[in-house]
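Using our numbering, the first residue of the sequence shown is number 10, and each one after it goes up by one.
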Amino acid sequence: MHTIRALLVLLGCLALGETAAYLTGIKLPGSIIGMGILFAMLQARWVKAEWLQQLTDALMANLTLFLVPPCVAVISYLDLIADSWLSILVSAAASTVCVLLVTGKVHQWIREKI
10 MHTIRALLVL
20 LGCLALGETA
30 AYLTGIKLPG
40 SIIGMGILFA
50 MLQARWVKAE
60 WLQQLTDALM
70 ANLTLFLVPP
80 CVAVISYLDL
90 IADSWLSILV
100 SAAASTVCVL
110 LVTGKVHQWI
120 REKI
């Protein structure tokens, strides 16, 4: 019963996110909006983390199965990737540096507040 409730909560948040993205025309994936909705529901304590624990454990245990389709897609488009490998490499490196800098600054800011 707990798994069904958790699945309904998770899929409900995904559906709300997809609907919000479609209706508003926001250029943001509905899954990301749905994740934000789930986060807000967890913070508001409308949904308890314990409700989702069993499902999330099962999903994490099978995470490699979810990575197979993107890997196959990458292999399918190797010719496109070969044409743009330099820009892909530069953007991956630049975004990694940006994430590290922002994470460091946010960490410093939070530590100063404590």
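A virtual CB, placed ideally from N, CA and C, is assigned to each residue, including glycine.
Keep in mind it's a predicted model, so treat the numbers as computed, not measured.
Using a threshold of 8 Å, state whether the C-beta atoms of L19 and L64 are closer than that.
Contact flag set, yes.
If I'm right that W60 touches H11 with Cβ under 8 Å, what's the distance once you round it to whole angstroms?
About 7 Å; that satisfies the 8 Å criterion.
Less than 6 Å between C-beta atoms, sequence neighbours within five positions excluded: which residues of the same chain meet that for I42?
Closer than 6 Å at the Cβ level, and outside the excluded window around I42, lie G26, A29, A30.
Between the alpha carbons of K122 and T112, how many angstroms are there, rounded?
Computed Cα separation, rounded: 15 Å.
Would C80 pass as a contact of L47 if the rule is Cβ separation under 8 Å?
Not a contact, by the Cβ cut-off of 8 Å.
Take A58 and list the residues in its own chain whose beta-carbon comes closer than 7 Å to its own, dropping the five residues that flank it on each side.
Around A58: L51.
Which term fits A15, buried or exposed, when burial requires 16 or more other beta carbons within 10 angstroms of its beta carbon?
So A15 counts as buried.
Tell me where the alpha helix (DSSP H) around Y31 begins and ends.
Looking at the DSSP string, the run of the alpha helix (DSSP H) that includes Y31 is 11-33.
Let me know if G34 comes out buried or exposed under the rule of 16 or more other beta-carbons within 10 Å of its beta-carbon.
With fewer than 16 other Cβ atoms within 10 Å, it is exposed.
May I have the straight-line CA-CA distance separating A91 from A53, to the nearest angstrom?
Spanning the two alpha carbons is a distance of roughly 46 Å.
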